[in-house]
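Some notes on the structure that comes next.
Residue numbers (our numbering): 190 to 327.
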């Protein structure tokens, strides 16, 4: 893959083939990103990846939604549906309930949402599953 997708010298590629597969995958991602976004962009992308998926922090840039409801403390279903997270990120209310029952939604404090009746503050960031992040504002 390195030979076809990157400009890495062959001696370095041979060294990668003897190494840890995860390290090789990260290096391949870095090299491809460097081609399309320059070296600075590749470094920033690598740092963001490590920060979000290794250190379990929220990403710096997330999709922002505006809450248009009039409730002060809506439950999670109303919060997500009246801000547009449903259907743009989560396709349906039943899918949201399934994610909640599987403990797959957490707020920016790391608190897992376990009850869809739970009242929420309007505003904040949420992690949905492993790779989706949203911010809801008033």
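Think of the CB as a built atom: it goes at the ideal place given N, C-alpha and C, for glycine as much as any other residue. Bear in mind that the values here come from a model prediction, so they are computed numbers and not experimental data.
Reducing DSSP to helix, strand and coil, say where residue i ends up.
{"i": "residue 240", "result": "helix"}
{"i": "residue 327", "result": "coil"}
{"i": "residue 308", "result": "strand"}
{"i": "residue 259", "result": "coil"}
{"i": "residue 321", "result": "strand"}
{"i": "residue 301", "result": "strand"}
{"i": "residue 264", "result": "strand"}
{"i": "residue 246", "result": "coil"}
Pop quiz: residue i and residue j are said to be a contact at Cβ under 8 Å. What is the actual Cβ separation, rounded to whole angstroms?
{"i": "residue 271", "j": "residue 263", "result": "7 Å"}
{"i": "residue 323", "j": "residue 278", "result": "6 Å"}
{"i": "residue 302", "j": "residue 254", "result": "Not really, about 16 Å apart at Cβ, beyond 8 Å."}
{"i": "residue 269", "j": "residue 285", "result": "6 Å"}
Would you kindly work out how many angstroms separate the C-alpha atoms of residue i and residue j, rounded to a whole number?
{"i": "residue 244", "j": "residue 317", "result": "17 Å"}
{"i": "residue 319", "j": "residue 311", "result": "22 Å"}
{"i": "residue 240", "j": "residue 247", "result": "8 Å"}
{"i": "residue 260", "j": "residue 321", "result": "25 Å"}
{"i": "residue 226", "j": "residue 216", "result": "15 Å"}
{"i": "residue 283", "j": "residue 209", "result": "41 Å"}
Where DSSP assigns a beta bridge to residue i, which residues make up the other side?
{"i": "residue 253", "result": "324"}
{"i": "residue 316", "result": "295, 322"}
Cβ-heavy atom distance between residue i and the ligand ADP below 6 Å?
{"i": "residue 241", "result": "This structure lacks the ligand ADP, and indeed carries no ligand of any kind."}
Hey, is the stretch 222 to 235 in contact with the stretch 300 to 311, meaning 3+ C-beta pairs nearer than 8 Å?
-> Too few Cβ pairs lie closer than 8 Å, so no.
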